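S.K.:
Numbering (my numbering), first residue to last: 1457 to 1626.
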């Protein structure tokens, strides 16, 4: 008697790696302007488009690879605020990341390290909005400005990184 062994295999529950967006830089822009941004994350190579719910906020994919290069555009009458977007990939939608749109002109942090008072970014005039990036663990940036006696200045620091448990974070 001959014994036969049949082996059947099924790919059950196997899915492609989910897309995960970790950060976008810059994550802030002035309304009525256009700017380029870069998204970093995992499994984003096949990004085809960007999903955004807000009409008037146009985000297009310029290039997708290890990072995704985006072009962000808003109309002059676009309402300032925080808006979430997701990347559309062959493996589904990524988590949401925030974009902050403001009335203010945005200045980019100058190239180089600004980790000491001697290498601080000189701020010529306030109010001002700077878009910078902490690129390594433990990094800090200094900014230098003049304040008049009795003058009150208010600082607001926003992060483009999502918080655990809060879509888009801040």
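Backbone N, C-alpha and C fix where the C-beta goes; we use that ideal spot for every residue, glycine too.
Every value quoted in this text rests on a predicted model; they were computed, and no experiment measured them.
For residue 1583, which of 1560, 1592, 1551 and 1598 has the nearest alpha-carbon?
M.R.: Ranking the options by Cα distance to residue 1583, first place goes to 1560.
S.K.: Is it right to say residue 1482 is buried, meaning 16 or more other beta carbons lie within 10 angstroms of its own, or is it exposed?
M.R.: Residue 1482 is buried by the Cβ-count criterion.
S.K.: Can you tell me whether residue 1477 is buried or exposed? The criterion is at least 16 other CB atoms within 10 Å of its CB, across all chains shown.
M.R.: It counts as buried.
S.K.: Can you tell me whether residue 1613 is buried or exposed, with buried defined as 16 or more other CB within 10 angstroms of its CB?
M.R.: With fewer than 16 other Cβ atoms within 10 Å, it is exposed.
S.K.: Along the beta strand (DSSP E) that carries residue 1518, what are the first and last residues, could you check?
M.R.: Where residue 1518 is concerned, the enclosing beta strand (DSSP E) stretches over 1513–1520.
S.K.: Let me check understanding here. Comparing Cα to Cα, which of 1515, 1586, 1550 and 1585 lies closest to residue 1475?
M.R.: With distances taken between Cα atoms, residue 1475 lies closest to 1550.
S.K.: Under 8 Å by Cβ, that's how I've got residue 1518 and residue 1526 pegged, so tell me the actual separation to the nearest angstrom.
M.R.: Rounded, the Cβ-Cβ distance is 6 Å, consistent with contact.
S.K.: Checking the sheet assignment: what are the DSSP bridge partners for residue 1576?
M.R.: According to DSSP, which records beta bridges pairwise, residue 1576 is partnered with nothing at all.
S.K.: Could you tell me if residue 1513 is buried or exposed, where buried requires 16 or more neighbouring beta carbons within 10 angstroms of its beta carbon?
M.R.: By the neighbour-count rule (16 or more Cβ atoms within 10 Å), residue 1513 is buried.
S.K.: Count the C-beta pairs between the stretch 1564–1573 and the stretch 1541–1550 that are closer than 8 Å, then say yes if the count reaches three, no if not.
M.R.: Judged by Cβ distances under 8 Å, the stretch 1564–1573 makes no contact with the stretch 1541–1550, as fewer than three pairs qualify.
S.K.: Contact check, residue 1579 vs residue 1599 under 8 Å by CB: the rounded distance?
M.R.: With a Cβ gap of about 5 Å, residue 1579 and residue 1599 count as contacting.
S.K.: Could you tell me how far apart the beta carbons of residue 1489 and residue 1530 are, in whole angstroms, since I believe they sit closer than 8 Å?
M.R.: Confirmed, Cβ separation roughly 7 Å.
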